[in-house]
Structure formats: structure tokens, C-alpha cells
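Shown next, in C-alpha cells, is the structure this report addresses.
2 protein chains.
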Amino acid sequence: MSTANRHWILARRPVGNGYAEAFALETETLPALAEGQILVANKVLSMDSGTRMYMTDREDSYQPGTPLGAKLIGTVLGVVVESRHAAYKAGDRVRCYGQWADYSVVEPDATYCTGLDDAHDDLKAYVGIYGANGWTAWVGVVETGAAKAGETFVVSAAAGCTGLMAGQIAKARGCRVIGIAGGAAKCDLLTREYGFDGAIDYKAADVEAELARLCPNGIDVYFDNVGGAILDAALANMALFGRVAVCGLITNYIAEGPVPGPYRFDQVLMKRLRIEGFFSPDFYAREPEFNPQLARLAAAGQLRLPFEVSTGLEATSAAFTKLFTGANIGKVVVEL
Amino acid sequence: MSTANRHWILARRPVGNGYAEAFALETETLPALAEGQILVANKVLSMDSGTRMYMTDREDSYQPGTPLGAKLIGTVLGVVVESRHAAYKAGDRVRCYGQWADYSVVEPDATYCTGLDDAHDDLKAYVGIYGANGWTAWVGVVETGAAKAGETFVVSAAAGCTGLMAGQIAKARGCRVIGIAGGAAKCDLLTREYGFDGAIDYKAADVEAELARLCPNGIDVYFDNVGGAILDAALANMALFGRVAVCGLITNYIAEGPVPGPYRFDQVLMKRLRIEGFFSPDFYAREPEFNPQLARLAAAGQLRLPFEVSTGLEATSAAFTKLFTGANIGKVVVEL
Numbered sequence: 001m002s003t004a005n006r007h008w009i010l011a012r013r014p015v016g017n018g019y020a021e022a023f024a025l026e027t028e029t030l031p032a033l034a035e036g037q038i039l040v041a042n043k044v045l046s047m048d049s050g051t052r053m054y055m056t057d058r059e060d061s062y063q064p065g066t067p068l069g070a071k072l073i074g075t076v077l078g079v080v081v082e083s084r085h086a087a088y089k090a091g092d093r094v095r096c097y098g099q100w101a102d103y104s105v106v107e108p109d110a111t112y113c114t115g116l117d118d119a120h121d122d123l124k125a126y127v128g129i130y131g132a133n134g135w136t137a138w139v140g141v142v143e144t145g146a147a148k149a150g151e152t153f154v155v156s157a158a159a160g161c162t163g164l165m166a167g168q169i170a171k172a173r174g175c176r177v178i179g180i181a182g183g184a185a186k187c188d189l190l191t192r193e194y195g196f197d198g199a200i201d202y203k204a205a206d207v208e209a210e211l212a213r214l215c216p217n218g219i220d221v222y223f224d225n226v227g228g229a230i231l232d233a234a235l236a237n238m239a240l241f242g243r244v245a246v247c248g249l250i251t252n253y254i255a256e257g258p259v260p261g262p263y264r265f266d267q268v269l270m271k272r273l274r275i276e277g278f279f280s281p282d283f284y285a286r287e288p289e290f291n292p293q294l295a296r297l298a299a300a301g302q303l304r305l306p307f308e309v310s311t312g313l314e315a316t317s318a319a320f321t322k323l324f325t326g327a328n329i330g331k332v333v334v335e336l
Numbered sequence: 001m002s003t004a005n006r007h008w009i010l011a012r013r014p015v016g017n018g019y020a021e022a023f024a025l026e027t028e029t030l031p032a033l034a035e036g037q038i039l040v041a042n043k044v045l046s047m048d049s050g051t052r053m054y055m056t057d058r059e060d061s062y063q064p065g066t067p068l069g070a071k072l073i074g075t076v077l078g079v080v081v082e083s084r085h086a087a088y089k090a091g092d093r094v095r096c097y098g099q100w101a102d103y104s105v106v107e108p109d110a111t112y113c114t115g116l117d118d119a120h121d122d123l124k125a126y127v128g129i130y131g132a133n134g135w136t137a138w139v140g141v142v143e144t145g146a147a148k149a150g151e152t153f154v155v156s157a158a159a160g161c162t163g164l165m166a167g168q169i170a171k172a173r174g175c176r177v178i179g180i181a182g183g184a185a186k187c188d189l190l191t192r193e194y195g196f197d198g199a200i201d202y203k204a205a206d207v208e209a210e211l212a213r214l215c216p217n218g219i220d221v222y223f224d225n226v227g228g229a230i231l232d233a234a235l236a237n238m239a240l241f242g243r244v245a246v247c248g249l250i251t252n253y254i255a256e257g258p259v260p261g262p263y264r265f266d267q268v269l270m271k272r273l274r275i276e277g278f279f280s281p282d283f284y285a286r287e288p289e290f291n292p293q294l295a296r297l298a299a300a301g302q303l304r305l306p307f308e309v310s311t312g313l314e315a316t317s318a319a320f321t322k323l324f325t326g327a328n329i330g331k332v333v334v335e336l
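Protein sequence lines, in the order shown, are assigned to chains A and B.
full-length UniProt numbering applies: residue 1 is where the first sequence begins, and numbers increase by one.
full-length UniProt numbering applies: residue 1 is where the second sequence begins, and numbers increase by one.
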């Protein structure tokens, strides 16, 4: 099989959110598969802000950086078109770490790859509620945050994919839920459509003062997707023995140099807080445990996720940019 | 009874470690006890760095600040000389939040106060191994740090009272223990006398590089007494899923303005760390659980604590200063 494959490479390290300048679309002829590899026709590219870290050359990241000139990688959903791996055959639907390309060449024994069940016809569901974002929201609320009924739960990037699900999961568990998001429209959506008890527009409000007003007994669980000044505003308002579940630190991903930690870091001692990071690849293997819990919430109407779909491989850099500019509500994907 | 009582007051807020200028020794005639109060002849004043926070007017502290002109407070050991509280009688030995004075007036129903058992003739033991420092070391190692045999354990202010006990407790649990202390003499003591596997002189060494050399598999538990640059050096060297048990943040206590948090804060996410503060008053009530465990270690020769004794109430400000200038090894007390 001699097939053309368009693929995005990391042409240079992105500065800030300059992804259009950092990525380049190239075309190759696919090489023959090696033993143990599969060829996946990509159908959905999952846009995830954590991928930003792979674009740096930092050695203290959770994943090795992508070398300049190499293909950009991320979670993809697709269909196997050719297999030299015994566990996969043509026609299988898979979720894997693939390439931002028409086709992904994947070595399932060396990288994340899993076949999909038949529960959902719509492939996108497997990077939404029933994928890493859903599992992350679940773990952050239930395990890292240990949110209990009656507690006050605050989440940042609350209209984003993980934040929106985290807020709904916390609400379903009986928490009072406050979301922090950018813009009045998103805030309205959170309270009117998704059952949040309150929302703070960080672009317009004094977040620390609003948290104090909306959380008079303090924040028991802060689910953080952003770090930076909003983390500080939350730390200033934590309840005794509160938990900060650190899901993402978008502020840090984009920084060029060292970023000071939160100025209210000493609240970890003053309030006896627990600040804990968590990272979805650590619990990918627990998918069979998470999905039924998430499906139960979805069936009860307690967990919904809108998609922000871009179409065509060319749209990838613009779609990725949305994650950082606050342009999206829910899960951003590129459909091919 | 008309008795003169010398007592230290907070004459002004200390700047840095200028305690001699901030404290003033005054004399009063003791007022008659009110119902519910006891009068304690102070025998031992416990010097604790956390007391520094009570001397600020910060509202985000773990304890309300001491008003200017008010008596300085802290943990004292003494003997009841007069009682208007049913649970106490003259002659009882007590540990309580008292005043830095010849006599403490204490209201046991409103403040920490407890009678002492007969296990130790030497009163000092009740603010050493069998007091808040011992319990703090135990909780930080066993519970907050969750140190397990075979893990690498690092403690800062390792020659101080809590740090020295934390290191020994971790060692007794089978950890590899590295201490960070100021000066070659202290470092020698840690490794030669107290069984530490290694020690780093932060005044002479590049702490981050030395931690990398001494902890090639990363730090599993960092027991932090200081914060600041040493916390950053530790964060840069944590192992995946490491725990940072935040016992004290001396760097922050002394700061006049907001202090940036650790520059390596993002390691909480990159390494999936747990950073957790703990504070001994939360577990004072668990004394009956802790002391037998600590006594068992002491009986086995695995837990020893030297005292740095100053004599006479006049010596208090100089004794307190030792906690912050690195002049002490082990527990600093003032004996009256």
C-alpha cells in the first residue's frame, strides 16, 4: 500500500499561543508497517491542553518533549486499516496516542492503544465523557479532591471539557458547585444549563472577592485547571483541611521561564491543605471501572458534554489554539 | 496571694529576627484568679518557631495574632500553685498554652491545658519527644508523609528539634534518610550520632545538586520545615508520586510582604506530588496514642533528643532567636 499521509510537524517551539507559526503541515508517503505496528485511519483528533507541554524542551515535564521536526502527537480515535499486531485487525475502532495526521502509525506494545467497545456509535464519545477527560474529572472530584456531599466545590476553566464534567460530577455528589470561566455567556451557561450554583467571570470580576462572597464557609475542594492568579485567589479562600486537585497549570505551560508558585502557598500550612497533582495516563487502565460510573450519571441526565468540532486536518492548529484562548465550550476535537 | 509576675510583652512587631527589640520584660502584680482559671508556676518555656506567626498581624495565619502590648504566649510546663478549676489542684504538673512569664494564668476550658503523667521526672521531656514536636515528627513521617521502608526521606532543619526526630523516626521505619542543615558540624552530627545516611550543608553546598547526587531515584518524602529555596531544591528532585509534608515555612514567617511560592510548583503536576500541611494543635488530643510509639523508639535507642537549655526568664528572646539563626541543635527551652 502506497498512501500519501498529511501530518503536522513541530517546526519550531511555540511562543505563547503562536501555534499557527509553530506547526507545519507536510506530506509523506507512508512507509511499510514494521512487525508489531498498526496503521490507523484517524477519524477524530482530541485537542488537550496538556499536549502543550510536549511542545517544550523542558526536562522536568511529565512527558519527554517532541523534537523539532518531529510529528505532533496526541490522542486520536480511528479505524485500523492495516495490522501487523496480533491483537488488532483491519476495521477495529481504536483510541491511541497517534499523530496529528491523516493516518497514525502506532506500536501498541510501546504506546497507549486500546480497542473500543460497542457502547457508542459516535466515536467522539470516547474522547469525551468516556475518555481521558471524563476519567480525569471523575478522579479529580472523587479521589484527589475527595469531594463529599454538602461541601463547596470550585472548578476553574469550568466551561472547558474537564472542568465542565468535574462541576457536574461534583454536583451529582451533592456539592455546592461554583465555576470560574471567562465571559458572561459561559457563566450563564454554567448556571442555567449545567446546574452550577454560581459562576465567576474571571475576565470581569475580582475572583478572590467573588469566591469569598460565594463561598462564605470556604472552599473544600478546588479543582484547578489553570494555576496562576486564579489558584492564588482560591488558596486565599480555602476552608480548613481543603483539597486542591491540580489537574492542569495552563499558566505554566505557556511560560518561557520559571514561574513563581502561588503567593498564598503558605496557606497549605495555615489551613492544613492538601495540594495534589494527578495525570490521566496514570489511570487509563482503569477505564472499565470509570465508564460505567460515568454512563450512570449520563443516563440520569447529570452529565452532559457539548463538543466543539472543527473539520479537516488543516483546522488543527486553530482548534488547538481554542483551548488556550477560552474560545471553546466543552470538548474540542478535529474530525477528519 | 499578692505575687509579682515578670512577663514578656510584644512591644512592637518583630522585623526579621529582631526579637530583642520587639519584646519587653515587664512586671505586674498577679490579679486574683477568676472562676475556671488556674495559676501555673512556669518551669519550662518551650521555644517553637511557629510562635513567630502569632507575632504578626496577618489575618491568614493559623492562629490569631498577638495584639501589641499583650503578653507573649507559648507552650509552657509548670506546676499548679492555685486552682479555681475542678479538674486541677495545687501541685499538679501541667502542659498548657501559657505566658512567657514567671506565672501563667490559664483557663483550661478555653485554651490548651493538660495534666501530665508520671512517666518522666524531667519535665522537659514533655515538650521534647513526648510533646508537640515529637507528635509532629511522628505524624509528618507516618501519616502526612506516609514514609515506607526502602523509600528516600529528606528533612530540612534536620538538626532542629522536629527535624532531628523526624529523621530518626523515618530511619527507624526503614527509610534512607538525608538531612539538610546549616554547617559542617551539624551535618557531621546527623550522620555520626543520629544515623542519617547523608547530610547536606545548605550554607556551603548547592542543595539541588547534592539532593540529585544523594537521591538518585528521587525523594519519596520531603519533610519541610523551612520553605523557600530549599523547598524548590527538593521539588526539583522529587520522585513520581512523592509527598511533601509541610511542617513549617520559616522563610515565610519572617517575610514582610507576599512571598512567591516555589518556582518548581508545577512539579506537583509533572510528578503527581502531594503537598500537605499539618499543624500539631490538630492532634494534641492524640497524645495517648503517640507517646507509647515514641517511647518504644526511645527505649530501643532509635530516638534521642538533645536539649539546648537557657536559664532564666531574661534569656527568652535570645533563646527564641536561636530557632531562626540556626544556633541550636535539638530542642530549645528556657528553664525558670
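Backbone N, C-alpha and C define an ideal beta-carbon position, used for all residues, glycine too.
- The criterion of a C-beta distance shorter than 8 Å is satisfied by A/Asp224 and A/Val244.
- Against chain B, a Cβ distance below 8 Å from A/Gln168 picks out nothing, because the smallest value is about 23 Å.
- Residues of the stretch 60-89 of chain B with a Cβ closer than 8 Å to any Cβ of chain A, in chain order: Asp60, Ser61 and Tyr62.
- Between A/Trp8 and A/Thr311, the C-beta spacing is not below 8 Å.
- By the C-beta density criterion, B/Arg192 is exposed, having fewer than 16 other C-beta atoms within 10 angstroms.
- Of the other Cβ atoms in all chains shown, 16 or more fall within 10 Å of the Cβ of B/Gly134; this residue is therefore buried.
- Proximity of chain B to A/Ile219 at the Cβ level (cut-off 9 Å) is not reached, the minimal Cβ distance being about 14 Å.
- B/Val44 sits buried, since 16 or more C-beta atoms from the chains shown fall within 10 Å of its C-beta.
- Distances from the CA of B/Asp57 to each of B/Ala255, B/Pro306, B/Ser280 and B/Met270 were compared; the closest alpha carbon is that of B/Ala255.
- Between the stretch 134-146 of chain A and the stretch 163-177 of chain A there are three or more inter-stretch CB-CB distances shorter than 8 Å, so the stretches are counted as touching.
- Assignment of beta-bridge partners to A/Asn42 by DSSP yields A/Gly78.
- Per the C-alpha coordinates, the member of B/Thr152, B/Leu25 and B/Ala70 positioned closest to B/Tyr222 is B/Thr152.
- Against chain A, a Cβ distance below 9 Å from B/Tyr263 picks out Pro258, Val259, Pro260 and Gly261.
- DSSP lists B/Val246 as the bridge partner or partners of B/Asp224.
- Contact check for B/Tyr112 and A/Met270: beta-carbon distance about 18 Å, past the 8 Å limit, so the pair fails to qualify.
- Contact annotation, A/Phe307 with A/Val334: C-beta distance approximately 11 Å; criterion of less than 8 Å not satisfied.
- Taking every protein chain shown into account, the CB of A/Thr27 has fewer than 16 other CB atoms within 10 angstroms, so this residue is exposed.
- At a cut-off of 8 Å between beta-carbon atoms, A/Asp266 makes contact with chain B.
- Taking the Cβ atoms as the reference, A/Leu10 lies roughly 7 Å from A/Phe23, within the contact range of under 8 Å.
- By the criterion of a C-beta distance shorter than 7 Å, B/Ala41 is surrounded in its chain by Gly78, Val79, Val81 and Tyr103, once the five residues flanking it on both sides are discounted.
- Around B/Val141, no beta-carbon contact reaches into chain A at under 7 Å, the shortest distance being about 17 Å.
- At a cut-off of 8 Å between C-beta atoms, B/Ile275 counts as an interface residue with respect to chain A.
- With a threshold of 8 Å between beta carbons, B/Asp282 makes contact with chain A.
- Here A/Met238 is near A/Ile219, since their CB atoms are less than 8 Å apart.
- One alpha carbon belongs to B/Phe290, the other to A/Asp60, and they sit about 38 Å apart.
- Those residues of the stretch 47-58 of chain A placed with their C-beta closer than 7 Å to a C-beta in chain B do not exist.
- When secondary structure is reduced to three states using DSSP, A/Lys124 falls in the helix class.
- Three or more pairs of CB atoms, one per stretch, sit closer than 8 Å, so the stretch 173-183 of chain B contacts the stretch 198-210 of chain B.
- Distances from the CA of B/Val207 to each of B/Pro292, B/Ala318, B/Leu235 and B/Asn217 were compared; the closest alpha carbon is that of B/Leu235.
- For A/Asn252, the nearest beta carbon of chain B is closer than 8 Å to its own beta carbon.
- One thing to note: B/Arg95 has its Cβ no nearer than 8 Å to the Cβ of B/Gly36.
- For B/Gly134, the uninterrupted alpha helix (DSSP H) run begins and ends at Ala132 to Trp138, by DSSP.
- Pairing B/Leu313 with B/Trp100, the inter-Cα distance amounts to about 8 Å.
- Residues of chain A whose Cβ lies closer than 7 Å to the Cβ of B/Arg272 are, in chain order, Gly277, Phe278, Phe279 and Asp282.
- Rounded to whole angstroms, the separation of the alpha carbons of B/Ala300 and B/Gly128 is 17 Å.
- DSSP places A/Ala239 in the strand class (E or B) of the three-state scheme.
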